[in-house]
Amino acid sequence: MKSFLSFCRPTRKSSHSVLVSCRTHNTLYAPEMLAKMAEPFTKALDMLEAEKSAILGLPQPLLELNDSPVYKTVLERMQRFFSTLYENCFHILGKAGPSMQQDFYTVEHLATQLLSSAFVNLNNIPDYRLRPMLRVFVKPLVLFCPPEHYEALVSPILGPLFTYLHMRLSQKWQVINQRSLLCGEDDTADDNPESQEMLEEQLVRMLTREVMDLITVCCVSKKTADHGTAPPTDGDDEEMMATEVAPSTMTELTDLGKCLMKHEDVCTALLITAFNSLAWKDTLSCQRTTTQLCWPLLKQVLSGTLLADAVTWLFTSVLKGLQTHGQHDGCMASLVHLAFQIYEALRPRYLEIRAVMEQIPDIQKDSLDQFDCKLLNPSLQKVADKRRKDQFKRLIAGCIGKPLGEQFRKEVHIKNLPSLFKKTKPMLETEVLDNEEGGLATIFEP
Numbered sequence: 017m018k019s020f021l022s023f024c025r026p027t028r029k030s031s032h033s034v035l036v037s038c039r040t041h042n043t044l045y046a047p048e049m050l051a052k053m054a055e056p057f058t059k060a061l062d063m064l065e066a067e068k069s070a071i072l073g074l075p076q077p078l079l080e081l082n083d084s085p086v087y088k089t090v091l092e093r094m095q096r097f098f099s100t101l102y103e104n105c106f107h108i109l110g111k112a113g114p115s116m117q118q119d120f121y122t123v124e125h126l127a128t129q130l131l132s133s134a135f136v137n138l139n140n141i142p143d144y145r146l147r148p149m150l151r152v153f154v155k156p157l158v159l160f161c162p163p164e165h166y167e168a169l170v171s172p173i174l175g176p177l178f179t180y181l182h183m184r185l186s187q188k189w190q191v192i193n194q195r196s197l198l199c200g201e202d203d204t205a206d207d208n209p210e211s212q213e214m215l216e217e218q219l220v221r222m223l224t225r226e227v228m229d230l231i232t233v234c235c236v237s238k239k240t241a242d243h244g245t246a247p248p249t250d251g252d253d254e255e256m257m258a259t260e261v262a263p264s265t266m267t268e269l270t271d272l273g274k275c276l277m278k279h280e281d282v283c284t285a286l287l288i289t290a291f292n293s294l295a296w297k298d299t300l301s302c303q304r305t306t307t308q309l310c311w312p313l314l315k316q317v318l319s320g321t322l323l324a325d326a327v328t329w330l331f332t333s334v335l336k337g338l339q340t341h342g343q344h345d346g347c348m349a350s351l352v353h354l355a356f357q358i359y360e361a362l363r364p365r366y367l368e369i370r371a372v373m374e375q376i377p378d379i380q381k382d383s384l385d386q387f388d389c390k391l392l393n394p395s396l397q398k399v400a401d402k403r404r405k406d407q408f409k410r411l412i413a414g415c416i417g418k419p420l421g422e423q424f425r426k427e428v429h430i431k432n433l434p435s436l437f438k439k440t441k442p443m444l445e446t447e448v449l450d451n452e453e454g455g456l457a458t459i460f461e462p
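To get our numbering, take the position in the sequence shown, counting from 1, and add 16.
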């Protein structure tokens, strides 16, 4: 043990050089620094073409088992150098916590040093650089941090980081939504599968999954967080959506999650990011967040006093998620269950949530009154959970999104038409009925 600690002390001193390298590399993306780069190095910080092809799912050239890709041009070699340097710096920082343990986490003013180096100039850092930073540095830093350093190290870092990530993702998804509305006027993105717009959208989708996975790992217990939440690789897409539809039964937060939720700014950032992501057009991220994250976070603050506007916004966010992802059975089942949980938990305390329900298209007010009556009167016999959930699903059916092929379909109602040909029973003549010889007894006579 002594030899291990003696080895860590010089490594601890050299960590300052790694932090300086991270700060220098982040500063290179500043506009004033990019303007100083001369040809042919103006694109030295861009992605490699091989990485772009991998993200877009395009076929790669075949290589032998032990071969590595060859970068022939000077620009490609520079791009590879900066990419490797950036990832290696964060790999070193990410491994410092598990390897050095207390020698790393007890560094004086460690949170301040990290914020002033690894997290500098995030506004100009592209998505393809931000993803590996979250995965190989921030996640190990948080997972292996001893509980006694949560307040001094983790909270000061994750609070501003989660707030910034939510702001960044919200802006990017807003741009994507506006672009999809205008796609009918300009079809270049569909004609060219390698278009910049398509690449940017896929990067935003992958960054969203990385952020939501980081929040889940920080806040929810390891068993729940690891269940089907392995971070997707560059080739993953929406078709990897998990098949399970039953929400997780474990609703307890980790010690770190409870520590983060004690801080109002961090708690607000976590709730806003989790519930806002339900309406972002990424099915896999929506289902994971719905089943593993939203209810545990909300349950933690139910005992306190929530503002009526906050309750309205939370419930509305779930309904927006249903409108966006209702066409997918897995997402629909999870979102309906989450909306049902929120309505049952908050309806007795907040009348405003009833006003949100009344704005749902084609909702039946009588059925809503009956549902509320049973919910607000504990003396009435409780119906089984499945029946109550089915009733609730019928109430909110107007906001559940449909597939594109069914959105504008007009329902055909055919009434029961009378028969064209109706056979009439033959009427017996009165002479046959009155005839005594035509009785039944005469049939059996020999």
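Just so it is clear, CB atoms sit at the ideal spot from N, CA and C, and this is done for glycine as well.
Secondary structure of residue i, DSSP reduced to three states
i: Val220; result: helix
i: Val236; result: strand
i: Leu44; result: coil
i: Leu433; result: coil
i: Leu11; result: Residue 11 is absent from the model: the chain starts at 17 and stops at 462.
i: Leu198; result: coil
i: Leu318; result: coil
i: Glu67; result: helix
i: Val158; result: helix
i: Ala241; result: Below a pLDDT of 50, predicted positions are generally treated as unreliable, and Ala241, at 41, falls in that range; the measurement from the model is reported next regardless. Helix at Ala241.
i: Met49; result: helix
i: Ile192; result: helix
i: Thr340; result: helix
i: Val123; result: coil
i: Val372; result: helix
i: Gly251; result: Low local confidence applies: a pLDDT of 43 at Gly251 is under 50, so the model's placement there is unreliable, and no value is given.
i: Phe291; result: helix
i: Gly417; result: coil
i: Pro312; result: helix
i: Gln303; result: helix
i: Phe57; result: coil
i: Gln117; result: coil
Beta-carbon contacts of residue i that lie in its chain and below 8 angstroms, excluding the five residues immediately before and after
i: Pro114; result: Pro156, Phe160
i: Ser237; result: Met266, Glu268, Leu269, Thr270
i: Cys105; result: Val34, Ser37, Cys38, His41
i: Glu55; result: none
i: Pro364; result: Leu391, Leu392
i: Leu286; result: Phe178, Ile231, Cys235, Leu276, Met277, Leu313
i: Ser383; result: Gln407, Arg410, Leu411
i: Gly342; result: Met348, Leu351, Cys415, Ile416, Gly417, Lys418
i: Ser435; result: none
i: Lys381; result: Glu374
C-alpha distance - residue i paired with residue j, whole-angstrom precision
i: Glu48; j: Leu362; result: 51 angstroms
i: Cys235; j: Ser171; result: 12 angstroms
i: His279; j: Phe57; result: 44 angstroms
i: Gly175; j: Val282; result: 5 angstroms
i: Asp325; j: Tyr359; result: 15 angstroms
i: Leu35; j: Val136; result: 11 angstroms
i: Phe8; j: Leu276; result: There is simply no residue 8 to check, as the chain begins at 17 and stops at 462 in what is shown.
i: Ser31; j: Phe153; result: 14 angstroms
i: Tyr180; j: Lys402; result: 40 angstroms
i: Met149; j: Arg404; result: 45 angstroms
i: Thr284; j: Asn139; result: 21 angstroms
i: Lys111; j: Val158; result: 11 angstroms
i: Ser133; j: Met228; result: 24 angstroms
i: Arg96; j: Leu131; result: 26 angstroms
i: Gly320; j: Leu72; result: 45 angstroms
i: Leu198; j: Glu213; result: 13 angstroms
i: Leu50; j: Ser186; result: 26 angstroms
i: Ser99; j: Lys52; result: 20 angstroms
i: Arg145; j: Tyr102; result: 8 angstroms
i: Thr332; j: Cys310; result: 13 angstroms
For residue i: DSSP bridge partner residues
i: Leu392; result: DSSP, once it has assigned bridges, lists no residue as partnering Leu392.
i: Leu269; result: Val236
Close-in-space but distant-in-sequence residues of the same chain around residue i (CB under 6 angstroms, 5 per side omitted)
i: Val352; result: Lys409
i: Thr306; result: Ser350, Leu351, Leu354
i: His107; result: Val152
Residues of its chain near residue i, where Cβ-Cβ distance is below 7 angstroms and the 5 sequence neighbours each way are ignored
i: Asp385; result: none
i: Ile141; result: Asn42, Tyr45
i: Arg147; result: Met222, Leu223, Glu226
i: Leu318; result: Ala361
Under 8 angstroms: do the segment 326-343 and the segment 292-311 share three or more Cβ pairs, one atom per stretch? Contact between the segment 326-343 and the segment 292-311 is present, because at least three Cβ pairs lie under 8 angstroms.
How do the segment 367-381 and the segment 411-418 stand: do at least 3 beta-carbon pairs fall below 8 angstroms, yes or no? Taking a cut-off of 8 angstroms for Cβ pairs, the segment 367-381 and the segment 411-418 touch, as three or more such pairs fall below it.
Between the segment 183-192 and the segment 211-227, do three or more beta carbon pairs fall short of 8 angstroms? The segment 183-192 is in contact with the segment 211-227.
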